[in-house]
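Here is the structure we will look at.
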Amino acid sequence: AQSVTQLGSHVSVSEGALVLLRCNYSSSVPPYLFWYVQYPNKGLQLLLKYTSAATLVKGINGFEAEFKKSETSFHLTKPSAHMSDAAEYFCAVSDSSASKIIFGSGTRLSIRP
Amino acid sequence: EADIYQTPRYLVIGTGKKITLECSQTMGHDKMYWYQQDPGMELHLIHYSYGVNSTEKGDLSSESTVSRIRTEHFPLTLESARPSHTSQYLCASSDGGGITDTQYFGPGTRLTVL
């Protein structure tokens, strides 16, 4: 069975600082990995996804994530945080047997002025 | 922004009432999903559909039922609401048949059962 673990339910950074949201996965087969963002009172929106092509994946709003098989990680980063990045971020892994996506518990990102 | 809608956005209701949470999408997607999300917890898939007249139960057992009579509509029904059903319910759809498909989410319905 596949699973994903997000380290840290809440991350707070200063505006302009590096954003790093951690995600580790467990999968017995090559995974497909996703990051979704949920802004207040909005539905989840896809930030980026890894589908076995390039290991460094660039997404919207300046975010990127790197797939590291040796570390079973898919951490999300952004060089310089903006106030509008405040949201909840979900890492997810696909279930190859039934075309379902399994979500992590989410990390709430706060940005300090 | 994705064209997927959920109503109501918020619902407070008494125990024993029957409720239907509506979900509609205008993108013509075949695949639709219902997730349950408690605060600070991961999303749990409770139902999904691959097309009209197709419904399946997800990973998390739920007392709710769903129907898919039309492509664009995927309502979720609770015959008799209980406080344990208090949660946020998210509807999503996707357009492809592969495991890398992007899922498009509605804004969610926050349900409180008193």
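Here the protein sequences come in this chain order: A and B.
Under the numbering used here, the letters of the first sequence match residues 7 to 119, in that order.
Under the numbering used here, the letters of the second sequence match residues 40 to 153, in that order.
All C-beta atoms in this analysis are idealised placements derived from N, C-alpha and C, irrespective of residue type, glycine included.
Note that the structure is a prediction, hence the values are computed from the model and not measured.
Taking 7 Å as the CB-CB cut-off, is residue i touching chain A?
| i | result |
| --- | --- |
| residue 46 (chain B) | no |
| residue 81 (chain B) | yes |
| residue 113 (chain B) | no |
| residue 141 (chain B) | yes |
| residue 145 (chain B) | yes |
Please find out if some non-hydrogen atom of the ligand PLP comes closer than 6 Å to the beta-carbon of residue i.
| i | result |
| --- | --- |
| residue 109 (chain A) | The ligand PLP is absent from the structure shown, which contains no ligand whatsoever. |
Near residue i, what residues of its chain come up, given a Cβ to Cβ distance below 7 Å and the 5 sequence neighbours on each side ignored?
| i | result |
| --- | --- |
| residue 89 (chain B) | 69, 70 |
| residue 98 (chain B) | 83, 84 |
Is it right to say residue i is buried, meaning 16 or more other beta carbons lie within 10 angstroms of its own, or is it exposed?
| i | result |
| --- | --- |
| residue 81 (chain A) | buried |
| residue 60 (chain A) | exposed |
| residue 62 (chain A) | exposed |
| residue 66 (chain A) | exposed |
| residue 16 (chain A) | exposed |
| residue 143 (chain B) | buried |
Enumerate in chain order the residues of its own chain whose CB-to-CB distance from residue i is below 8 Å, with the five nearest sequence positions on each side excluded.
| i | result |
| --- | --- |
| residue 38 (chain A) | 55, 56, 57, 58, 99, 100, 102 |
| residue 96 (chain B) | 85, 86 |
| residue 23 (chain A) | 86, 87 |
| residue 91 (chain B) | 107, 108, 109, 110 |
| residue 31 (chain A) | 8, 9, 10, 11, 37, 39, 78, 79, 80, 97, 99 |
| residue 118 (chain A) | 18, 19, 20, 21 |
Using a cut-off of 7 Å between C-beta atoms, extract the partners of residue i located in chain C.
| i | result |
| --- | --- |
| residue 84 (chain B) | The chain inventory of the structure shown lacks chain C, comprising the protein chains A and B. |
Within the same chain, show all residues whose beta-carbon is closer than 6 Å to that of residue i, passing over the 5 residues directly before and after it, in chain order.
| i | result |
| --- | --- |
| residue 115 (chain B) | 60, 73, 103, 105 |
| residue 14 (chain A) | 113 |
| residue 53 (chain B) | 153 |
Pull up the DSSP beta-bridge partners for residue i, would you.
| i | result |
| --- | --- |
| residue 56 (chain A) | A:39 |
| residue 82 (chain A) | A:27, A:71 |
| residue 109 (chain A) | A:98 |
| residue 64 (chain A) | A:70 |
| residue 61 (chain B) | B:46 |
| residue 16 (chain A) | A:114 |
Is there a Cβ of chain B sitting closer than 7 Å to that of residue i, yes or no?
| i | result |
| --- | --- |
| residue 48 (chain A) | yes |
| residue 15 (chain A) | yes |
| residue 109 (chain A) | yes |
| residue 53 (chain A) | no |
I think residue i touches residue j, with their Cβ atoms under 8 Å apart; what is that distance to the nearest whole Å?
| i | j | result |
| --- | --- | --- |
| residue 72 (chain A) | residue 64 (chain A) | With a Cβ gap of about 10 Å, residue 72 (chain A) and residue 64 (chain A) do not count as contacting. |
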